[in-house]
């Protein structure tokens, strides 16, 4: 793999991702300033994740906006593969989905793909992925969604609802398509091969267009869905993609729930957060304080700074000050880490309280099979 | 395809099947006279379908018998792909399953694979195959099963129950396995590829060994199941296979529900039965009466005779007389057809009454998802 090579698939992200190249490779569209203005005009808000390019790419977001302006409805759909506890990187599309839901006043479906993680992880049982699905659901609910307009789909629990839709999709996708899209081989298990049709299914759960905010690594599933949508008499799903959240240990992969040290979980205690960041967070600083003061740090590769940019410091002025101070050498790596630790622990304190309350709310959120 | 070539897969049967060769090809065991005796000793009956080799092959039927003799339980499972109305050939394994159920006093699951037929038939919608599933269920119920011990599984209706089991199976089967077993290609749709795990699922619906009476064309599915059973901590399913029921128009394929003229449906009126048999039933007779009287007919290739042997004339003496009379030329082809027409119409008169009553019983039989 050469320096500018990278891999982005739903099950494997590796290398230093060049997002402009990825847009070309995947055939998506960069979010233009015109599109940003349109969204701003409708929502009366300039969301920092859009402004900062955390959401950077889309497919037919324009159509959704135009339809909305004509008074046509749509719904939102996003999800998560429950291979472990929720980490803070997962919250990015969920928080953004919540914002879209509130601004556009639409329904949202959140899919927990316990079957997928069972198929793709040799060491996980279906009981385990199902247990993580419920754990992850608590984090989702803790973000404050409205249960009237928000339903959680757990694949093994809601297969009765999903399967007849998935079957329509599955009949139109062949093994070649999945080879070309996901790089499947003859050794891929038949659960994995079929699975993409279950990730497609919620796109057609309401008879309306759908907009999917999601990590760009999940785009291949919906490329297939878009290819076959018209064959089953449906509209193509529209997508809006966020960048991959770097692992604590630095660029070269997305934050993975399976790798303990590279990951801050929503269930981590303040002490654990502090230790993980101080010990593992990849730093853009210089080897010693003297050099750092002289040469300054590099915020663009510093994971602590990136976490502030992506999630924990929505205020542009404050963020800019941190950027400039770190770059100039005024702010030391340890100090930058302290800022992030405080932000995360502040967030997690409230989040963990809400997460505890979510245990009483979960039933309201679970989709009921007809 | 040379004269002794034939194809037997779950979706395609063609050619003149040599069952001894098929046993070798599939790696099953011929039902031995020892096994027949064992079954006779337990059941106190010499079932004509066993005696005549309509059920001719098995996998581990011995183990089921031995376990039974040790007081260990088992359950039965069979099914049908609802691509159309039930034809009389379908009833063979169902009637035999009923006999086994009564003799061994065990539970029976009957699976209607509406999803499979949707995946495999380009022209059928899921609504259509589901409608045929309910139609076929009526024929099954009409045979007089005990609803306390008999449950009907309709795949799209019971996917909530089947999917978690199927997922365990699917994780252990890869695309290569399905290529080798079913001849799937890169163009096979992903519903079909996954489907075999759903046909496996009922094997593990109870925590007991299973015995599956079924048409030998369905054996490949359970060959896969048997290959992976121990990997998921389960016992291999045991099987007992019936021969393919010839189409009305003669050997060279099984009776297919999709081909109108080669098929007698359980819903056919007496007139239609008469017309179909007189017009289409492949005859082993001579071109004219004079030659027939002189040379005699060939009952071994005569479809009317075969239907009597396989299903409609359980009495050996009566059957032998028909055989001898036809062979000697004493019985004409038209007379043989008349015997069959009368037998079928007599059967269908009662069957259609019971089928009508089954509409009131169906709810008792449908498996309820937990």
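Chains as they are written, first to last, in our numbering: chain A, 1 to 370; chain B, 1 to 370. C-beta atoms are modelled at their ideal positions from N, C-alpha and C, and glycine is treated no differently.
Inter-residue Cα distance where the pair is residue i and residue j
| i | j | result |
| --- | --- | --- |
| residue 369/B | residue 153/B | 10 Å |
| residue 357/A | residue 139/A | 10 Å |
| residue 173/A | residue 62/A | 27 Å |
| residue 240/B | residue 186/A | 31 Å |
| residue 266/B | residue 29/A | 58 Å |
| residue 380/B | residue 280/B | Residue 380/B lies beyond the residue range present for chain B, which begins at 1 and ends at 370; the question has no answer from this structure. |
| residue 271/B | residue 344/B | 11 Å |
| residue 93/B | residue 117/A | 39 Å |
| residue 27/B | residue 13/B | 18 Å |
| residue 16/A | residue 5/A | 7 Å |
| residue 39/A | residue 235/A | 22 Å |
| residue 349/A | residue 182/A | 39 Å |
| residue 46/A | residue 91/A | 19 Å |
| residue 103/B | residue 320/B | 27 Å |
| residue 42/A | residue 121/B | 47 Å |
| residue 207/A | residue 218/A | 23 Å |
| residue 20/B | residue 33/B | 15 Å |
| residue 351/B | residue 229/A | 44 Å |
| residue 222/B | residue 163/B | 17 Å |
| residue 37/A | residue 111/B | 56 Å |
| residue 285/A | residue 314/A | 23 Å |
| residue 87/A | residue 184/A | 27 Å |
Option in the options with minimal Cα separation from residue i
| i | options | result |
| --- | --- | --- |
| residue 274/B | 218/B, 335/B, 224/B, 318/B | 335/B |
| residue 232/A | 211/A, 188/A, 170/A, 87/A | 170/A |
| residue 76/A | 331/A, 120/A, 97/A | 97/A |
| residue 371/B | 295/B, 247/B, 42/B | What the structure shows of chain B is the stretch from 1 to 370, and residue 371/B is not part of that stretch, so it cannot be assessed. |
| residue 371/B | 289/B, 250/B, 269/B, 290/B | The structure shown does not extend to residue 371/B, since chain B is modelled only from 1 through 370, so no value can be given for it. |
| residue 188/A | 183/B, 176/B, 192/B | 176/B |
| residue 306/B | 52/B, 31/B, 44/B, 105/B | 52/B |
| residue 165/A | 178/B, 103/B, 127/B | 127/B |
| residue 347/A | 278/A, 318/A, 319/A, 269/A | 269/A |
| residue 115/A | 101/A, 193/A, 318/A | 193/A |
| residue 178/B | 337/B, 147/B, 227/B | 227/B |
| residue 327/B | 316/B, 315/B, 301/B | 301/B |
| residue 363/B | 147/B, 290/B, 289/B, 230/B | 147/B |
| residue 100/A | 48/A, 324/A, 299/A, 163/A | 48/A |
| residue 299/B | 318/B, 325/B, 314/B, 289/B | 325/B |
Close-in-space but distant-in-sequence residues of the same chain around residue i (CB under 7 Å, 5 per side omitted)
| i | result |
| --- | --- |
| residue 67/B | 74, 209 |
| residue 367/A | 151, 152, 153, 158, 161 |
| residue 360/A | none |
| residue 1/B | Residue confidence for residue 1/B is low, a pLDDT of 44 falling below 50, so the modelled location carries little weight; the figure read from the coordinates is stated next. So the qualifying residues of the chain are 15. |
| residue 7/A | 13, 14, 15 |
| residue 289/B | 332 |
Proximal residues to residue i (C-beta, below 8 Å), its chain only, five neighbours per side dropped
| i | result |
| --- | --- |
| residue 35/A | 58, 61, 62, 65 |
| residue 277/B | 248, 264, 304, 337, 340, 341, 344 |
Beta-carbon proximity check, residue i vs residue j, cutoff 9 Å
| i | j | result |
| --- | --- | --- |
| residue 308/B | residue 264/B | no |
| residue 332/B | residue 322/B | no |
| residue 202/A | residue 109/A | yes |
| residue 180/A | residue 354/A | no |
| residue 365/A | residue 213/A | no |
| residue 10/B | residue 220/B | yes |
| residue 242/A | residue 215/A | yes |
| residue 85/B | residue 132/B | yes |
| residue 113/A | residue 79/A | yes |
| residue 50/A | residue 31/A | yes |
| residue 95/A | residue 311/A | yes |
| residue 156/B | residue 130/B | yes |
Neighbourhood of residue i by C-beta distance below 6 Å, restricted to the same chain and skipping five residues each side
| i | result |
| --- | --- |
| residue 149/A | 107 |
| residue 329/B | 292, 293, 296 |
| residue 191/B | 119 |
| residue 225/A | 200, 203, 237 |
| residue 211/B | 64, 74, 76, 238 |
| residue 316/B | none |
| residue 125/A | none |
| residue 318/B | none |
Just checking, does the region 195 to 204 of chain A make contact with the region 155 to 170 of chain A on the three C-beta pairs under 8 Å criterion?
yes
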